[in-house]
Each structure stands twice: as C-alpha cells, then as structure tokens.
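Take the position in the sequence shown, starting the count at 1, then add 246; the result is the number in my numbering. Have a look at the structure below before the remarks.
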Amino acid sequence: MYIDSHCHINFPELAARMPEVLAKMAENRVTHALCVSVDLPDFPSVLALAEQYPNIYASVGVHPDYEDTPEPTVEQLVELAAHPKIIAIGETGLDYYRLEGDLEWQRERFRTHIRASRATRKPLIIHTRSASADTIRIMREEGAGTNEGGVAGVMHCFTESLEVAEAAIEMGFYISFSGIVTFKSAKDLQAVARAVPMERILIETDSPYLAPVPYRGKMNEPGYVAHVAEFIANLKDVPLREVADRTSENFFKLFQHAKG
C-alpha cells in the first residue's frame, strides 16, 4: 500500500472530482492521504474532507507564500488542531523564491507554527525554498526537533541539498519526495534520494501540482504517488514492496494521531 503524505485535494479542481480521485487512489493501492492546509479561510474545506472520509487526514496551518491572509496565533492553531482528524501543523516554513523584501513576517509565522507543534505534540509539515539556512536556524532556535523537546515532522516536497536533509534528519525529521524526483532534470535531487535512508523517507504528490512522470504537465492527484514510489525503488535498487511498506510505516510512526 502507499500513502500520499501531502496533497491539496480540497482545491476546487480536485474537490469537484472526489469520487474519481478516491477511485484512482483505490486502483493504485493508495490507502490514505493527508490533505494539507494552506490558510485559515480555506481550513474548513480541508477539515470537511477529513471528517467525511475515514482514510483522509488533515493539517492546520498557513503557507509561507500567503501574504494577504489572516495571521494565525499559537492559540488558534492549538484550538483547531484539537480535532482528532487533524494530525499535523502546517504547512509552514520559509519561501524566499516567490516573495521579496522584508520577510520577517514569514519568519515570525514559522515560529508561531513551531510553538503550536510543541504545544499540541503534533508534527510539523515544513516548506522551504531558497531559504534553507534560515529554515534550519529557526527550527533549532524554536526547538522543533525531537532532540530539543519538539515532535519534529517532515520536510515536504524536498528539493534542497543532502546537507540540509541531514540537518533535518538529525533533528528527527523525515524527508518527503514528490513527483519532482522523477523529472529528468532532477539529478541532484535524485542523488539526495539515494542517500537518505529508507527509515526517513516519505512520499507525496503535492497535488494538484507536480505530477510525476509519466503524467508530468497534467493535473496531479493522490493516486499518482505510486509512481513516486516506483521511481525511488528503481533509484535505490530496492524492491517496490520495501518502499511501499517502509514509507507507510514511516507515515504512521511520524503522524501518531493517524490510525491505520
């Protein structure tokens, strides 16, 4: 079985096709999916899916790219995360690629999420792009890692260096690979995937974005996470069953509020 550890199936283009999306998951033996929050106004649609479908889980958080959106407080995140189908805080983190100028608000928002994670004991879903040094620094300063009293989490849709991956793993984090790892141009990322031990790997789609080969350029969906698993199995020269089993075990080990 496979688990899509990060998707956005509440987005309109997928939410309108939920019966088809769920059927494709079943066809490809994708047993569970984590629908990830990107802002508070849309959070009810994320939670509604998790409440409606037993195999869908949800997170609560505000994406670093969302500048003009209500700013979360620690208290808000803690309150919303009390729901039993909310198994993670995020996605959160830093993104210096899409936004410029004074981004201190992004760093403060990230700190808020880490504090909520520590308070709720629910793992973080971290997004980092062109900001890895500050991301790792703030994770350490706020005690996000298990070695600092936090509950760690996952570096989602990972595209950074092996050094960044190793720094996160040292703090107890998992590294999640998306369809990007299947792209021909992603040689550096493929080298990272080879080096990261199986006990620290998760797989995801980040759908509706970043469809893996052979669907690159088309709308992505959770059922396609099987292609990410297949690629990683070939890349690491291990049986596909091992990738399926280990990434699923890793998911439930990290997200302990989820029930298999």
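Every residue, glycine too, gets a C-beta built ideally from N, C-alpha and C.
For residue 503, tell me which candidate among 397, 461 and 435 has the shortest Cα-Cα distance. Within the sequence shown, the letter at position 257 stands for residue 503. The shortest C-alpha separation from residue 503 is found at 397.
Indicate whether the contact test is met: 3 or more Cβ pairs, each with one atom in the stretch 433-445 and one in the stretch 385-399, closer than 8 Å. Contact between the stretch 433-445 and the stretch 385-399 is absent: fewer than three C-beta pairs spanning the two stretches fall below 8 Å.
Below 8 Å on the Cβ atoms is my contact criterion, and I expect residue 439 with residue 481 to pass it. Report the Cβ-Cβ distance as a whole number of Å. Numbered from 1 along the sequence shown, position 193 holds the residue referred to as residue 439. Numbered from 1 along the sequence shown, position 235 holds the residue referred to as residue 481. That belief holds up - the Cβ atoms of residue 439 and residue 481 are roughly 6 Å apart, short of 8 Å.
Residue from 271, 263, 265 and 280 with nearest C-alpha to residue 253: Looking up residue 253 in the sequence shown gives position 7. Of the candidates 271, 263, 265 and 280, the one whose C-alpha sits nearest the C-alpha of residue 253 is 280.
Unbroken beta strand (DSSP E) run spanning residue 380, endpoints: Stepping through the sequence shown from its first residue, residue 380 is reached at position 134. In the DSSP assignment, residue 380 falls outside any beta strand (DSSP E) and lies within the alpha helix (DSSP H) extending over 378-387.
State buried or exposed for residue 336, treating a residue as buried only when at least 16 other CB atoms are found within 10 Å of its CB. What you label residue 336 is simply residue 90 of the sequence shown in a count that begins at 1. Around the beta carbon of residue 336, 16 or more other beta carbons lie within 10 angstroms, which makes this residue buried.
I need the DSSP call for residue 303, collapsed to helix, strand or coil. Stepping through the sequence shown from its first residue, residue 303 is reached at position 57. Residue state, collapsed to three classes: strand.
In chain order, what are the residue ranges of uninterrupted alpha helix (DSSP H) at least 4 long that sit wholly in the stretch 286-337? Entirely contained in the stretch 286-337, the alpha helix (DSSP H) runs reaching 4 residues are, in chain order, 289-298 and 320-326.
Thinking just about the alpha-carbon of each residue, which of 329, 415, 339 and 434 is nearest to the one in residue 366? Numbered from its first residue, the sequence shown carries residue 366 at position 120. Ranking the options by Cα distance to residue 366, first place goes to 329.
Looking at residue 389: is its Cβ nearer than 8 Å to the Cβ of residue 364? Numbered from its first residue, the sequence shown carries residue 389 at position 143. Numbered from its first residue, the sequence shown carries residue 364 at position 118. With contacts defined as CB atoms closer than 8 Å, residue 389 and residue 364 qualify as a contacting pair.
Please check the pair residue 422 and residue 251, which I expect to be a contact at CB under 8 Å, by giving their CB distance rounded to whole angstroms. Here residue 422 refers to the residue found at position 176 when the sequence shown is read from its first residue. Here residue 251 refers to the residue found at position 5 when the sequence shown is read from its first residue. Right, their Cβ atoms sit about 6 Å apart.
For residue 431, count neighbouring C-beta atoms within 10 Å of its own C-beta (all shown protein chains included) and say buried if the count is 16 or more, exposed if not. Locating residue 431 in the sequence shown gives position 185, where the first residue counts as 1. Residue 431 comes out exposed.
Determine whether the beta carbon atoms of residue 198 and residue 320 lie at a separation below 8 Å. For residue 198 there is no data in the structure shown, the boundaries of the chain being 247 and 506.
Quick one: Cα of residue 357 to Cα of residue 385, how far? For the purposes of this step, residue 357 is taken as residue 111 along the sequence shown, with counting starting at 1. For the purposes of this step, residue 385 is taken as residue 139 along the sequence shown, with counting starting at 1. When rounded, the distance between both Cα atoms is 8 Å.
Residue 190 versus residue 461 - alpha carbon distance: Any answer about residue 190 is impossible in this case: the structure gives the chain only from 247 up to 506.
So, under 8 Å CB-CB, residue 463 and residue 472 are touching, yes? Tell me the CB distance rounded to an integer number of Å. Taking the sequence shown and counting its residues from 1, one reaches residue 463 at position 217. Taking the sequence shown and counting its residues from 1, one reaches residue 472 at position 226. Residue 463 to residue 472, Cβ: 18 Å. No contact.
So, with DSSP's three-state summary, where would you put residue 491? Here residue 491 is taken as the residue at index 245 of the sequence shown, counted from 1. If DSSP states are grouped into helix, strand and coil, residue 491 belongs with the helices.
Using the beta-carbon count (16 or more within 10 Å), is residue 508 buried or exposed? Examination of residue 508 is not possible in this model, given that the chain is present from 247 through 506 alone.
Let me make sure I understand the geometry here. Which of 351, 419, 368 and 346 has the alpha-carbon closest to that of residue 382? Translated into positions along the sequence shown, residue 382 becomes position 136. In terms of Cα proximity to residue 382, the closest of 351, 419, 368 and 346 is 419.
What are the start and end residues of the beta strand (DSSP E) that includes residue 271? The residue given as residue 271 occupies position 25 in the sequence shown. Run containing residue 271: none in the beta strand (DSSP E); it sits in the alpha helix (DSSP H), 264-273.
Would you check if the distance between the CB atom of residue 291 and the CB atom of residue 261 is smaller than 8 Å? Position 45 of the sequence shown, counted from the first residue, corresponds to residue 291. Position 15 of the sequence shown, counted from the first residue, corresponds to residue 261. The Cβ atoms of residue 291 and residue 261 lie closer than 8 Å to each other.
8 Å Cβ cutoff met for residue 452 and residue 403: Taking the first residue of the sequence shown as 1, we reach residue 452 at position 206. Taking the first residue of the sequence shown as 1, we reach residue 403 at position 157. Contact flag set, yes.
Once the 5 residues before and after residue 500 are set aside, which same chain residues still bring their CB inside 6 Å of it? Position 254 of the sequence shown, counted from the start, is the residue given in the question as residue 500. The beta carbon of residue 500 sits closer than 6 Å to the beta carbons of 369 and 420 from its chain, once the five residues preceding and following it are set aside; these are given in chain order.
Measuring CA to CA, which of 327, 435, 424 and 288 is closest to residue 409? Indexing the sequence shown from 1 puts residue 409 at position 163. Nearest of 327, 435, 424 and 288 to residue 409, Cα basis: 435.
Is it buried or exposed for residue 274, if we count other Cβ within 10 angstroms and need 16 for buried? In the sequence shown, residue 274 corresponds to position 28, counting from 1. By the neighbour-count criterion, in which a residue is buried when 16 or more other Cβ atoms sit within 10 angstroms of its Cβ, residue 274 is buried.
Which value, in whole angstroms, describes the spacing of the CA atoms of residue 247 and residue 351? Counting from 1 along the sequence shown, the entry for residue 247 is found at position 1. Counting from 1 along the sequence shown, the entry for residue 351 is found at position 105. If you draw a straight line from the Cα of residue 247 to the Cα of residue 351, it is about 40 Å long.
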